[in-house]
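Notes follow once the structure below has been shown.
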Amino acid sequence: MANTITKRELVNKICAETRNNLTQNDVLDVIQRAIEMITEALGNGDRVVLRNFGTFVVKEVKAKIGRNPKDPGKDVPIPARRVVKFKVGKNLREAAAKTEG
252 MANTITKREL VNKICAETRN NLTQNDVLDV IQRAIEMITE ALGNGDRVVL
302 RNFGTFVVKE VKAKIGRNPK DPGKDVPIPA RRVVKFKVGK NLREAAAKTE
352 G
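Following this line, the structure appears as structure tokens:
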């Protein structure tokens, strides 16, 4: 089973591997601000491209009629909504292909 890496662990790894005098708080602030900026851009309907990692896009899902699993004969309207999609970039795709599991 794959391990889970938290934001805190990511901060620790970046601090350990960089030669700059960045504190954990500095790195955490940069990561947090990047997440906020990506979230804001997606909230505005913008596309976010992180080359070789992936692309985040907002897609419109059309309204449709679904079925209630407890009462399959009953139609349930599902409203249109916006969802975030992620297209995997080349480096990420290759790294994932190398993992076992």
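For the sequence shown, the working numbering begins at 252 and goes up steadily by one.
Positions of the beta carbon are idealized from the N, C-alpha and C atoms, including for glycine.
With at least 16 other beta carbons inside 10 angstroms of its own, Val278 counts as buried. At the C-beta level, Asn303 and Gly340 come within 8 Å of one another.
Per the coordinates, the alpha-carbon of Thr257 lies some 10 Å from the alpha-carbon of Asn263. Approximately 25 Å separates the beta-carbon atoms of Leu273 and Gly305; this is outside 8 Å, ruling out the contact. In the displayed model, Glu345 falls within a helix according to three-state DSSP.
Under DSSP, Asp326 forms a beta bridge with Arg318. In this structure, Val299 places its C-beta atom within 8 Å of the C-beta atom of Ile289.
For Pro328, the closest C-alpha among the options Asp322, Arg318 and Phe337 is that of Arg318.
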